[in-house]
Ligand SMILES: Nc1ncnc2c1ncn2[C@@H]1O[C@H](COP(=O)(O)OP(=O)(O)OP(=O)(O)O)[C@@H](O)[C@H]1O
């Protein structure tokens, strides 16, 4: 097969300049060998030796064709770029691996294959050194809690949006990650990944203002909370929920005049989804311990998502009470026994009862709502019989008197099936 003809045709088709260079000859006149190489589009291909210039030229063309074929077969489009050798005398091949618009270190080798392998290894090493957070573009701060902040961020490779919670790494945060990674349910904020980065993640050379602001904020948090410059940050990549929490939902409904006629229906749906999420948490042997409207979010599709598992703890198998750390949780929503050392999963039912009340009725905010006299008025006079029975039992002083989350979910299902006119009453 005429390699020279083939290569000439290739160069012609691609409009590339092609040259055959004689690099020299060796040996006595009767046994002379010639060395030649192809230079195509300013790129030199492996040299070849032949007993005549014609033979060397054919062989050099064959080398070039093989290299071209190899790079076309092995390189996914746009992922590997071949460069010209640094100096015309070198037979090295140099390739650069490009991923996600980033150029990685140049790889060298005696063949295209070898150069590509080197380039791939260098790119891999580079990726390993890259911080996971560098794979995201922070877009906006969604909110801040006691231990850090939550950011909306776009993952560069897939261009997908996530919520990334960045916190100074405390026991609470590790517990949250541990639990979230165990839980997968449509009514629980979905967890994707987590990693640690230390405060050495600095470099204010970055042009990215958001990153810089995050870094400054975290350094501040870090020195305030731990007084340890080497404190580690925990990054938690989660499903991105809507920015409004259940608190916002309740406030909006309470401010509407005339009252929204769909409030009861929507409230029951939210309550049922929340109870379903809690039922799942309990079935997985966890207790949330910090249920409140601010920790209940909505997914992009509007589904209820229970979040903030910072106070989560393990439940025991038989439901008996356990010895626990005293007084975790948000006081206005806390079950009475949560102030003691002995409590079980029923501490989650009490705040659920209060949340349901807030969902259904426009009640005054804050601790007022939980006062027995206020609850009595609402429960006795304003709720339907079924709602009364359910919510009253959920707010029972004694944990044993409260229903299981599965029972609450089942009762709410029955309530949703009944039609009842909404009364808007402020207590
Ligand atoms: N997955 C998410 N998607 C969208 N927004 C979120 C997500 N998780 C949290 N947020 C927002 O970020 C805010 C802060 O959340 P975070 O869980 O850190 O703090 P918190 O619950 O206010 O405080 P703490 O952790 O101290 O109890 C929340 O109020 C919420 O608005």
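In UniProt numbering, the protein residues as written are 1 to 427.
Cβ atoms here follow ideal geometry from the backbone N, Cα and C, with glycine treated the same way.
In this text, all values refer to a predicted model and were calculated from it rather than measured experimentally.
*Which same chain residues, not among the five before or five after residue 307, have their C-beta less than 6 angstroms away from its C-beta?*
Residue mapping note: residue 307 aligns to position 307 of the chain shown, counting from 1. So the list reads 189, 295 and 297, once near-sequence residues are dropped.
_Own chain, CB closer than 7 angstroms to residue 88, minus 5 neighbours either side, in chain order_ = To locate residue 88, count along the chain shown from 1; it is residue 88. Residue placement at residue 88 cannot be trusted, given a pLDDT of 49 that sits under 50; the coordinates are not used to answer.
*Where does residue 189 fall in DSSP's three states?*
The residue labelled residue 189 in the question sits at position 189 within the chain shown. Residue 189: coil per DSSP, three-state reduction.
*According to DSSP, which residues form a beta bridge with residue 305?*
Position 305 of the chain shown, counted from the first residue, corresponds to residue 305. 297, per the DSSP bridge assignment.
*Any heavy atom of ligand 1 closer than 7 angstroms to the CB of residue 251?*
By 1-based counting over the chain shown, the position of residue 251 is 251. Residue 251: no, Cβ never under 7 angstroms from ligand 1.
*How is residue 218 classed by DSSP in three states: helix, strand or coil?*
In the chain shown, the residue the question calls residue 218 occupies position 218. With a pLDDT of 43 at residue 218, under the threshold of 50, the predicted position of this residue should be treated as unreliable, and no value is reported.
_residue 402 - DSSP class collapsed to helix/strand/coil_ = As a working note, residue 402 is residue 402 in the chain shown. Coil.
*Go through its chain and collect everything with a Cβ distance to residue 14's Cβ below 6 angstroms, but skip five positions before and after it.*
The sequence position of residue 14 within the chain shown is 14, counting from 1. Correct list: empty, nothing qualifies.
*Thinking C-beta only, is residue 177 closer than 8 angstroms to residue 163?*
Locating residue 163 in the chain shown gives position 163, where the first residue counts as 1. Locating residue 177 in the chain shown gives position 177, where the first residue counts as 1. Not closer than 8 angstroms, so no.
*How would you write the range of the alpha helix (DSSP H) that residue 162 sits in, first residue to last?*
Your numbering for residue 162 matches position 162 in the chain shown. No alpha helix (DSSP H) holds residue 162; the beta strand (DSSP E) holding it covers 160-168.
*Simplified DSSP state of residue 25, which is helix, strand or coil*: Translated into the one-based positions of the chain shown, residue 25 becomes position 25. Residue 25: strand per DSSP, three-state reduction.
*Flag residue 10 as yes if its beta-carbon sits less than 8 angstroms from any beta-carbon of chain C, otherwise no.*
In the structure shown, chain C does not exist; there is a single protein chain.
_Same chain, Cβ closer than 7 angstroms to residue 409, neighbours up to 5 away in sequence not counted_ = Along the chain shown, one-based indexing puts residue 409 at 409. Cβ neighbours of residue 409 beyond the five flanking positions: 272, 275, 276 and 279.
*Do you know how far the Cα of residue 241 is from the Cα of residue 352?*
Along the chain shown, one-based indexing puts residue 352 at 352. Along the chain shown, one-based indexing puts residue 241 at 241. If you draw a straight line from the Cα of residue 352 to the Cα of residue 241, it is about 21 angstroms long.
*Roughly how many angstroms separate the alpha carbons of residue 243 and residue 153, rounded to a whole number?*
Indexing the chain shown from 1 puts residue 243 at position 243. Indexing the chain shown from 1 puts residue 153 at position 153. Taking the straight line joining both Cα atoms gives about 13 angstroms.
*residue 165 beta carbon near ligand 1 (any heavy atom closer than 7 angstroms)*: For the purposes of this step, residue 165 is taken as the residue at position 165 of the chain shown. Yes; taking the cut-off as 7 angstroms, the Cβ of residue 165 has a heavy atom of ligand 1 nearer than that.
*asked:* Rounded to whole angstroms, what is the Cα-Cα separation between residue 226 and residue 269?
replied: Here residue 226 refers to the residue found at position 226 when the chain shown is read from its first residue. Here residue 269 refers to the residue found at position 269 when the chain shown is read from its first residue. Any reading at residue 226 needs caution, since the residue's pLDDT is 39, under 50, leaving its predicted position unreliable; the model's value is listed next. If you take the alpha carbons of residue 226 and residue 269, they lie about 42 angstroms apart.
*residue 312 beta carbon near ligand 1 (any heavy atom closer than 7 angstroms)*: Indexing the chain shown from 1 puts residue 312 at position 312. Because no heavy atom of ligand 1 lies under 7 angstroms away, the Cβ of residue 312 does not count as near it: no.
*asked:* Tell me whether residue 238, by its Cβ, gets closer than 7 angstroms to a heavy atom of ligand 2.
replied: The model depicted lacks ligand 2 and carries ligand 1 instead.
_Limits of the unbroken beta strand (DSSP E) element including residue 277_ = On the chain shown, position 277 is the one that residue 277 refers to. Residue 277: not part of any beta strand (DSSP E); member of the alpha helix (DSSP H) spanning 263-283, first to last residue.
*residue 308: CB within 7 angstroms of a non-hydrogen atom of ligand 1*: The residue you call residue 308 lines up with position 308 of the chain shown. It does: the Cβ of residue 308 is within 7 angstroms (strictly closer) of some heavy atom of ligand 1.
*asked:* Just checking residue 245 against ligand 1 - is the residue's beta carbon closer than 7 angstroms to any of the ligand's heavy atoms?
replied: Sequence index remark: in the chain shown, residue 245 carries index 245 (1-based). It does: the Cβ of residue 245 is within 7 angstroms (strictly closer) of some heavy atom of ligand 1.
*Taking residue 17 as the reference, give the member of 41, 148 and 37 with the closest Cα.*
Translated into positions along the chain shown, residue 17 becomes position 17. Considering only alpha carbons, the answer is 41.
*Does the Cβ-Cβ distance between residue 57 and residue 36 come in under 8 angstroms?*
Along the chain shown, one-based indexing puts residue 57 at 57. Along the chain shown, one-based indexing puts residue 36 at 36. A contact, by the Cβ cut-off of 8 angstroms.
*asked:* I need the DSSP call for residue 289, collapsed to helix, strand or coil.
replied: Counting from 1 along the chain shown, the entry for residue 289 is found at position 289. DSSP places residue 289 in coil when its eight states are reduced to three.
*residue 416 beta carbon near ligand 1 (any heavy atom closer than 7 angstroms)*: Translated into the one-based positions of the chain shown, residue 416 becomes position 416. Result no, Cβ not under 7 angstroms from ligand 1.
*Where does residue 39 fall in DSSP's three states?*
As a working note, residue 39 is residue 39 in the chain shown. DSSP places residue 39 in strand when its eight states are reduced to three.
_Could you tell me the alpha carbon to alpha carbon distance between residue 247 and residue 113, rounded to whole angstroms?_
The sequence position of residue 247 within the chain shown is 247, counting from 1. The sequence position of residue 113 within the chain shown is 113, counting from 1. For residue 247 and residue 113, the distance between alpha carbons rounds to 59 angstroms.
*Rounded Cβ spacing between residue 193 and residue 237 (contact assumed at less than 8 angstroms)*: For the purposes of this step, residue 193 is taken as the residue at position 193 of the chain shown. For the purposes of this step, residue 237 is taken as the residue at position 237 of the chain shown. Right, their Cβ atoms sit about 4 angstroms apart.
*What is the residue span of the alpha helix (DSSP H) that residue 256 lies within?*
As a position in the chain shown, residue 256 is number 256, starting the count at 1. No alpha helix (DSSP H) contains residue 256, which DSSP labels as neither H nor E.
*Given residue 142, which residues of its chain have a CB within under 7 angstroms of its CB, disregarding the five upstream and five downstream residues?*
Locating residue 142 in the chain shown gives position 142, counting from the first residue. Hits under 7 angstroms: 150, 151, 152, 163 and 243.
*Could you round the C-beta distance between residue 347 and residue 358 to whole angstroms and report it? I think they count as a contact, below 8 angstroms.*
Translated into the one-based positions of the chain shown, residue 347 becomes position 347. Translated into the one-based positions of the chain shown, residue 358 becomes position 358. Between residue 358 and residue 347 the Cβ distance is about 18 angstroms, and since that is not below 8 angstroms, they are no contact.
*asked:* Tell me the DSSP secondary structure of residue 414 in three-state form.
replied: For the purposes of this step, residue 414 is identified with residue 414 of the chain shown, where counting begins at 1. It is helical.
*Please confirm whether residue 235 and residue 134 have their CB atoms less than 8 angstroms apart.*
Position 235 of the chain shown, counting from 1, holds the residue named residue 235. Position 134 of the chain shown, counting from 1, holds the residue named residue 134. Contact: no.
_For residue 406, which residues in the same chain have their Cβ closer than 6 angstroms to its Cβ, ignoring the five residues on either side in sequence?_
In the chain shown, residue 406 corresponds to position 406, counting from 1. Contacts found: 279.
_residue 312 and residue 349 - do their beta-carbons sit closer together than 8 angstroms?_
Along the chain shown, read from residue 1 onward, the residue named residue 349 stands at position 349. Along the chain shown, read from residue 1 onward, the residue named residue 312 stands at position 312. In this structure, residue 312 does not lie closer than 8 angstroms to residue 349 by Cβ.
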